[in-house]
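The numbering used here puts the first residue of the sequence shown at 1, with every later residue one more than the last. Positions of the beta carbon are idealized from the N, C-alpha and C atoms, including for glycine. A short worksheet on the structure shown next.
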Amino acid sequence: MKFRLLITLMAVMIGFGSTSHADELFTEKSMGGKFSANAGFVSEYLWRGLSQSGNGSPAAQGGFDFTHDSGFSLGVWGSNINFAGNLEMDVYGGFSKDLGNKITMDVGAIYYHYPGQANAADLDFVEGSIGLGKDFGAFSGSAKISYSPDFTGSAGNATYLELGAGIPLGKIFTLNLHGGRQWMEENTTSGFDDYTDWSAGIGFAGAGFDFAVTYLGTDLPSGQCTNECSRLIASVGRSF
Numbered sequence: 001m002k003f004r005l006l007i008t009l010m011a012v013m014i015g016f017g018s019t020s021h022a023d024e025l026f027t028e029k030s031m032g033g034k035f036s037a038n039a040g041f042v043s044e045y046l047w048r049g050l051s052q053s054g055n056g057s058p059a060a061q062g063g064f065d066f067t068h069d070s071g072f073s074l075g076v077w078g079s080n081i082n083f084a085g086n087l088e089m090d091v092y093g094g095f096s097k098d099l100g101n102k103i104t105m106d107v108g109a110i111y112y113h114y115p116g117q118a119n120a121a122d123l124d125f126v127e128g129s130i131g132l133g134k135d136f137g138a139f140s141g142s143a144k145i146s147y148s149p150d151f152t153g154s155a156g157n158a159t160y161l162e163l164g165a166g167i168p169l170g171k172i173f174t175l176n177l178h179g180g181r182q183w184m185e186e187n188t189t190s191g192f193d194d195y196t197d198w199s200a201g202i203g204f205a206g207a208g209f210d211f212a213v214t215y216l217g218t219d220l221p222s223g224q225c226t227n228e229c230s231r232l233i234a235s236v237g238r239s240f
């Protein structure tokens, strides 16, 4: 039911984005910033290498954002999942600053909320992050570290370090690379060892949409992986 609701919401959002009144609806000059929205579908929703929508199960996703001219931003994002109440809703905020020499710094915080979860599951959590990105010309690179004092699933404090790169392949395609490492205080309680995840994908834009095919994996033992330790997924999205 919630999956169908998300699909309906995505269709409405895409419809708004294609109307002649889109700029009027999503841009508020009086607020000194800009509203935007995004909608998309993935063949399977994975987060840090772990399946959230279930093995081979698709997900409808979308969100709304407001970015102030000062660099501050706020947003909300949602996706269907296959646990808790079958829905994930995230609320986040941050600040972005240009440091010069094509270097940007981003500081943010996000609240992961799972409506309908059993209280004992203790899935909701807050995470703060700081990251740097640089355009090297031939490619772009990024580094980001995130910390939660009370990670999901009663895992205690947790830290996640990730590195990324985007490499243009001609004028149409981009090779996207990612590597991350998750550390948790309470591995026994969470049911997961500290682990590394990675991904490599090809993305391109066309007809107003963003398309990608990505291969993802982790170094978790097979008994801790969500169905499979690596898989290939496809995604399509639109921002407006």
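- Using a Cβ-Cβ distance cut-off of 8 Å, the segment 116 to 127 and the segment 78 to 85 are in contact, since at least three pairs of beta carbons, one from each stretch, lie closer than that value.
- Bounds of the alpha helix (DSSP H) holding N187 are N187 to S190.
- Boundaries of the beta strand (DSSP E) around T214: F209 to T218.
- Relative to C229, the option among G237, V91 and T196 whose CA is nearest is T196.
- Its Cα nearest to that of G32, the residue G71 stands out among M105, G141, Q224 and G71.
- Counting only runs of at least 4 residues, the segment 44 to 85 fully encloses no alpha helix (DSSP H) element at all.
- For a cut-off of 8 Å, the C-beta gap from A39 to R238 is around 6 Å, short enough to register as a contact.
- Look at N101 here: in three-state DSSP terms it is coil, with no helix or strand label.
- In this structure, the beta-carbon distance from S146 to L161 falls below 9 Å.
- I233 and L99 do not touch by the CB rule: their CB atoms are close to 34 Å apart, not below 8 Å.
- In this model, S142 and T188 are separated by some 31 Å (Cα to Cα).
- Straight-line measurement puts the Cα of A121 at about 46 Å from the Cα of G137.
- Measuring C-alpha to C-alpha distances from G170 to each of S222, N80, F139 and Q182 identifies F139 as the nearest.
- Boundaries cannot be given for K171, as no beta strand (DSSP E) includes it and DSSP labels it neither H nor E.
- For G32, there is no enclosing beta strand (DSSP E), as DSSP marks it with neither H nor E.
- In the DSSP annotation of this structure, the continuous segment of the beta strand (DSSP E) that includes D135 starts and ends at F125 to D135.
- Take H68, set aside five residues on each side of it, and the residues of its chain with a beta-carbon closer than 8 Å to its own are M31, G32 and G33, in chain order.
- Residue environment: V236 is assigned as exposed (fewer than 16 neighbouring CB atoms within 10 Å of its CB, all protein chains considered).
- The continuous beta strand (DSSP E) containing G201 extends over residues Y195 to G206.
- Under the 10 Å beta carbon count, F95 is surrounded by fewer than 16 other beta carbons and is classified as exposed.
- Across the set K102, S148, A205 and I202, the C-alpha of S148 shows the shortest separation from the C-alpha of Y111.
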